[in-house]
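Structure record follows, encoded as structure tokens.
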Amino acid sequence: MKESGFFFSRREALPVLILVNAAVWLVTILVRNFAFLFASPESAFSGSYKSLISEWLTNAFAVSANTGILIERPWTLLTYMFLHFDFFHILFNMLWLWWFGAIFIQYLSQRQLLGTYFFGGIAGALIYIAAFNFFPVFSLARESAVALGASASVLAIVVAIAFYVPDYTVHMLFLGQMKIKYIAIITIAIDL
Numbered sequence: 062m063k064e065s066g067f068f069f070s071r072r073e074a075l076p077v078l079i080l081v082n083a084a085v086w087l088v089t090i091l092v093r094n095f096a097f098l099f100a101s102p103e104s105a106f107s108g109s110y111k112s113l114i115s116e117w118l119t120n121a122f123a124v125s126a127n128t129g130i131l132i133e134r135p136w137t138l139l140t141y142m143f144l145h146f147d148f149f150h151i152l153f154n155m156l157w158l159w160w161f162g163a164i165f166i167q168y169l170s171q172r173q174l175l176g177t178y179f180f181g182g183i184a185g186a187l188i189y190i191a192a193f194n195f196f197p198v199f200s201l202a203r204e205s206a207v208a209l210g211a212s213a214s215v216l217a218i219v220v221a222i223a224f225y226v227p228d229y230t231v232h233m234l235f236l237g238q239m240k241i242k243y244i245a246i247i248t249i250a251i252d253l
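Counted the way our numbering counts, the sequence shown spans residues 62 to 253.
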């Protein structure tokens, strides 16, 4: 028998993914606030300590477009998809994950949700790296460019469920009823 609650029940991937993302975000906030307490007065009130902590977190956990750095830090192919700095970035990623993840698990399994999340995140990172190393316009930014956040993972879930049930209808606030395939197309256009 399955134990359930409003948000969490045993062996459910969706709330676990959301909780892990939220926990990582909270830890980054705590680290930045803790660093404030031990910063020099000059750096504390100028905000430079935040950039140092953010830079350290980015270097350690965000995926770099520089393949040399990626080879030194292969774990970033996984960790980047849980790292968010901006409140609205994590908020909208987690709302989108909750809404479309709930539709996903109506038709597919928890394991498939996890697989899609991780496969989409890794594929997004590889496409990001390939784009920065292939297109000349990015050549100057390649050394310092990084990706972070769950956007690629969430987009993979939106696209996967849109392919599986393209005519599934979702009520969108202020927009009315929309088929999920059109929501996926709009989401792709916004993310690109």
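C-beta atoms are modelled at their ideal positions from N, C-alpha and C, and glycine is treated no differently. Bear in mind that the values here come from a model prediction, so they are computed numbers and not experimental data.
Cβ-Cβ distance between isoleucine 79 and alanine 96 below 8 Å: no
At least three beta-carbon pairs within less than 8 Å, the region 122–138 to the region 199–211: yes
Contact under 8 Å by Cβ, alanine 184 with alanine 213: yes
Own chain, CB closer than 6 Å to threonine 119, minus 5 neighbours either side, in chain order: Val207
Simplified DSSP assignment, three categories, for histidine 150: helix
Cβ contact (3+ pairs, closer than 8 Å) linking the region 174–183 and the region 133–151: yes
Sub-8 Å separation of asparagine 82 and alanine 126 beta-carbons: no
Close Cβ partners of alanine 123 (< 7 Å) along its chain, the five nearest in sequence each way excluded: Thr137, Tyr141, Leu144, Val207, Ala208, Leu209
Proximity to asparagine 18 [Cα-Cα], best of Trp160, Val219, Ala121, Phe146: This structure cannot settle anything about residue 18, because the visible part of the chain is limited to 62 through 253.
Neighbourhood of glutamine 238 by C-beta, 8 Å cutoff - its chain only, sequence neighbours within 5 removed: Thr230, Val231, His232
Bridge partner(s) assigned by DSSP for serine 125: Val207
Leucine 152 CB to nearest heavy atom of the ligand FAD below 7 Å: The ligand FAD is absent from the structure shown, which contains no ligand whatsoever.
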